[in-house]
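To convert a position in the sequence shown, counted from 1, into this note's numbering, add 1.
Note that beta-carbon positions come from the ideal geometry of N, C-alpha and C, so glycine has one too.
Since we're looking at a predicted model, the values are computed, not measured.
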Amino acid sequence: MDIVILAVVIAVVVLGAIGGLIVGSRRKKPLPPPPPAAPDITAPPAEPHVGDEAETPREEPRRTIEEVDLPDGSAVVIEEPPAAEAPAIEIPAPTEGRLIRLRARLSRSQNALGKGLLSLLSREHLDEDTWEEIEDTLLTADVGVQPTQELVERLRERVKVLGTRTPEELRGLLREELITLVGPDMHRTVHTGNETGGPGVVMVVGVNGTGKTTTTGKLARVLVADGNTVVLGAADTFRAAAADQLQTWGERVGAHIVRGPEGGDPASVAFDAVKEGKEMSADAVLIDTAGRLHTKTGLMDELGKVKRVVEKQAPLDEVLLVLDATTGQNGLIQARVFAEVVDITGIVLTKLDGTAKGGIVVAVQRELGVPVKLIGLGEGADDLAPFEPAAFVDALLGE
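See below:
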């Protein structure tokens, strides 16, 4: 029995020794290199929600963008955008004598009329053929048939009575007769203010292409130059750029603008303009209307509506018809149609410095029985001048 136990113990010891040898041999084998250590990845900070402030490390004080240094050592400079400046208000020169200052522009295009008449009158023999040539010269200048006949008749009588025809006498004689023909006694002032103490209300009408909106803006400059305060009503709501164009003109001289939505009711805009003009105690309210085609009855009826609506707010002191002087006799047709719809009180002739015939001044006055009050002699801001008969005739004669 003892022998068996001893044998078992010996067997256990031997097995243990063999196991130790095996383990030891395994430890002596080289181990494979360990895998590289995983990088220490820091999760990015969460994006701030709208309205939250981004986190700033506590150890660093918050800095404004103006304090951040660029790599070259310079600091970021943030310039504030300049504040929008109101357009500078212009102060036009007084209009007294403006036509005299602009006379050279008129005489360049009209001088042929004066020189032609003086040349014919200076002939040694003034026979019937010569007088017919004088008539043709006046008719070509758009003076009109009736005024031409009257002028020629008076000239023939005076030349016959005088008996002498020196150049100086002929020039003086022609000047007197032309001034009489133009009408020196007609009242040509644009009304500002009325009997009720309110502003003078002026409606500007005319067909497309006559320069009506531009003329309204220039007229505002004329009135401001003479010391008046002006309100502009942009009642041409059918042409997209009309209100913007008129506003630009008004802002340049400090005139208040009343405008409505594109395609809106023109009569409503005109009514509001007069109302605001009264509230502001303005001297004048200028209402620019759409460029009515005189052949469209519906449009002309609406122009009459604008007039009636304005008169519910205040009396209408002036209705100025803008005519393109280069259209000649066609302008007279326009004048007749407009006169049937609204009571025209004055004429504004534009583009008289171009190819226009100066006689249109006489013809249109005779047609409507109202005076030419302003003439346009260029495209500059201050090229609209109050009409002065003597200065106009002097320009025709090249003086």
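According to DSSP, is Lys374 part of a helix, a strand, or is it coil?
Taking the sequence shown and counting its residues from 1, one reaches residue 374 at position 373. Residue state, collapsed to three classes: strand.
inquiry  = I need the DSSP call for Val349, collapsed to helix, strand or coil.
reply    = On the sequence shown, residue 349 is found 348 positions in, with the first residue counted as 1. Val349: strand per DSSP, three-state reduction.
Helix, strand or coil, according to DSSP, for Gly145 in the structure here? Taking the sequence shown and counting its residues from 1, the one referred to as residue 145 is at position 144. Three-state DSSP puts Gly145 in coil, outside helix and strand.
Going by beta-carbon coordinates alone, are Pro148 and Arg367 separated by less than 7 Å? Start at 1 with the first residue of the sequence shown, and residue 148 comes out as number 147. Start at 1 with the first residue of the sequence shown, and residue 367 comes out as number 366. One thing to note: Pro148 has its Cβ within 7 Å of the Cβ of Arg367.
Self-check item: Paired residues, beta bridge with Glu319 - DSSP
Solution: What you label residue 319 is simply residue 318 of the sequence shown in a count that begins at 1. The partner list for Glu319 (beta bridge, DSSP) reads Val203.
* Asked: Thinking C-beta only, is Arg260 closer than 7 Å to Ala291?
  -> Stepping through the sequence shown from its first residue, residue 291 is reached at position 290. Stepping through the sequence shown from its first residue, residue 260 is reached at position 259. In this structure, Arg260 does not lie closer than 7 Å to Ala291 by Cβ.
- prompt: By how many angstroms is the C-alpha of Val153 removed from the C-alpha of Thr249?
  reply: Locating residue 249 in the sequence shown gives position 248, counting from the first residue. Locating residue 153 in the sequence shown gives position 152, counting from the first residue. Near 47 Å, if we compare the C-alpha coordinates of Val153 and Thr249.
The alpha helix (DSSP H) that contains Gly251, what's its start and end? As a position in the sequence shown, residue 251 is number 250, starting the count at 1. First-last of the alpha helix (DSSP H) with Gly251: 243 to 254.
Inset, instruction - Under 8 Å by Cβ, that's how I've got Thr351 and Val371 pegged, so tell me the actual separation to the nearest angstrom. - result: Here residue 351 refers to the residue found at position 350 of the sequence shown. Here residue 371 refers to the residue found at position 370 of the sequence shown. About 17 Å; that fails the 8 Å criterion.
Margin query: I'd like to confirm the pairing. Which residues does DSSP put opposite Val259 in its beta bridges?
Written below: Stepping through the sequence shown from its first residue, residue 259 is reached at position 258. In DSSP, Val259 forms a bridge with Gly234.
**Study point:** First and last residue of the uninterrupted beta strand (DSSP E) at Ile90
**Key:** Here residue 90 corresponds to residue number 89 of the sequence shown, with the count starting at 1. Premise fails: Ile90 is in no beta strand (DSSP E) and is neither H nor E.
Whose C-alpha, out of Gln246, Ala226, Ala315, Phe239, is nearest the C-alpha of Glu303?
-> As a position in the sequence shown, residue 303 is number 302, starting the count at 1. When only C-alpha atoms are compared, the closest one is Phe239.
Practice task
Pull up the DSSP beta-bridge partners for Asp325, would you.
Solution key: Along the sequence shown, one-based indexing puts residue 325 at 324. DSSP, once it has assigned bridges, lists Thr351 as partnering Asp325.
Nonlocal neighbours in the same chain, by C-beta distance under 7 Å from Val320, ignoring five residues either side: For the purposes of this step, residue 320 is identified with residue 319 of the sequence shown, where counting begins at 1. Hits under 7 Å: Met204, Val206, Val343, Asp344, Ile345, Thr346.
Taking contact to mean 3 or more Cβ pairs, one atom from each stretch, closer than 8 Å, check whether the region 313 to 329 and the region 172 to 182 are in contact. By the C-beta criterion, the region 313 to 329 is judged not to be in contact with the region 172 to 182, since fewer than 3 inter-stretch pairs fall below 8 Å.
Check: Do you know how far the Cα of Leu385 is from the Cα of Glu158?
Finding: Position 157 of the sequence shown, counted from the first residue, corresponds to residue 158. Position 384 of the sequence shown, counted from the first residue, corresponds to residue 385. If I take the Cα positions, the gap works out to 37 Å.
#### Entry: Residue closest to Lys161, alpha-carbon to alpha-carbon, out of Leu247, Asp137, Trp132
The residue given as residue 161 occupies position 160 in the sequence shown. The closest CA to that of Lys161, considering only Leu247, Asp137, Trp132, is found on Trp132.
* At least one CB of chain C closer than 7 Å to the CB of Gln335: is that the case? -> The structure shown contains no chain C; it holds only a single protein chain.
| request: Figure out for me which residue from Gln335, Thr230, Leu100 has the closest Cα to the Cα of Val323. | output: As a first step, residue 323 is located in the sequence shown; it is residue number 322 there, counting from the start. Among Gln335, Thr230, Leu100, the Cα nearest to that of Val323 belongs to Gln335.
Backbone CA spacing between Gly305 and Leu107 [nearest angstrom]: On the sequence shown, position 304 is the one that residue 305 refers to. On the sequence shown, position 106 is the one that residue 107 refers to. Roughly 35 Å separates the two Cα atoms.
Suppose the cutoff is 7 Å on Cβ atoms and the five residues either side in sequence are ignored; what does the same chain contact list for Val116 look like? Within the sequence shown, numbered from 1, the residue matching residue 116 stands at position 115. In the sequence under discussion, the amino acid at residue 116 is Lys, which differs from the Val named in the question. Contacts found: Gly399.
* Is it true that the region 88 to 105 meets the region 122 to 130, where meeting means three or more beta-carbon pairs spaced less than 8 Å apart? -> The region 88 to 105 is not in contact with the region 122 to 130.
Span of the alpha helix (DSSP H) around Leu182: Taking the sequence shown and counting its residues from 1, one reaches residue 182 at position 181. In this chain, the alpha helix (DSSP H) harbouring Leu182 covers 168 to 183.
Quiz item: Would you call the CB atoms of Gln314 and Val362 closer than 7 Å?
Solution: Position 313 of the sequence shown holds residue 314. Position 361 of the sequence shown holds residue 362. Gln314 is not a Cβ neighbour of Val362, given a cutoff of 7 Å.
Exercise. Pick helix, strand or coil for Leu103, following the three-state DSSP scheme.
Key: Locating residue 103 in the sequence shown gives position 102, where the first residue counts as 1. Three-state result, Leu103: coil.
Thr214 and Ala241 look like a contact to me (Cβ under 8 Å); what is the Cβ gap, rounded to whole Å? In the sequence shown, residue 214 corresponds to position 213, counting from 1. In the sequence shown, residue 241 corresponds to position 240, counting from 1. Between the beta-carbon of Thr214 and that of Ala241 there is about 12 Å, and that puts the pair past the 8 Å contact cut.
Worksheet item: When the Cα of Arg189 is compared with those of Lys374, Ser123, Pro168, which residue comes out closest?
Response: Residue 189 sits at position 188 when you count from the first residue of the sequence shown. Among Lys374, Ser123, Pro168, the Cα nearest to that of Arg189 is on Lys374.
Which of helix, strand or coil does DSSP assign to Val343? For the purposes of this step, residue 343 is identified with residue 342 of the sequence shown, where counting begins at 1. Val343: coil per DSSP, three-state reduction.
Measuring CA to CA, which of Thr211, Val183, Arg104 is closest to Gly329?
-> What you label residue 329 is simply residue 328 of the sequence shown in a count that begins at 1. The shortest C-alpha separation from Gly329 is found at Thr211.
* To do: To the nearest angstrom, report how far apart Gly98 and Gln246 are at their CA atoms.
  => The sequence position of residue 98 within the sequence shown is 97, counting from 1. The sequence position of residue 246 within the sequence shown is 245, counting from 1. If you take the alpha carbons of Gly98 and Gln246, they lie about 28 Å apart.
Taking the alpha helix (DSSP H) that Asp289 belongs to, which residues open and close that run?
Numbered from 1 along the sequence shown, position 288 holds the residue referred to as residue 289. Per DSSP, Asp289 lies in no alpha helix (DSSP H) segment; the continuous beta strand (DSSP E) that holds it begins and ends at 285 to 289.
Cβ atoms of Val232 and Ala283: under 7 Å apart, would you say? As a working note, residue 283 is residue 282 in the sequence shown. As a working note, residue 232 is residue 231 in the sequence shown. Yes, these two residues count as a Cβ contact at 7 Å.
In the DSSP output, what is Pro387 paired with across the bridge? The residue you call residue 387 lines up with position 386 of the sequence shown. When beta bridges are read from the DSSP output, Pro387 appears opposite Leu375.
**Asked** Quick one: Cα of Val310 to Cα of Thr230, how far?
**Response** Within the sequence shown, numbered from 1, the residue matching residue 310 stands at position 309. Within the sequence shown, numbered from 1, the residue matching residue 230 stands at position 229. One C-alpha to the other measures close to 23 Å.
Query raised in the report: Hey, is Thr217 close to the ligand ATP, as in C-beta under 6 Å from one of its heavy atoms?
Result: Only the bare structure without any ligand can be found here, which leaves the ligand ATP out of the picture.
* To do: Could you check what DSSP says for Thr193 in three-state terms: helix, strand or coil?
  => Taking the first residue of the sequence shown as position 1, residue 193 is located at position 192. In this structure, Thr193 counts as coil in the three-state DSSP scheme.
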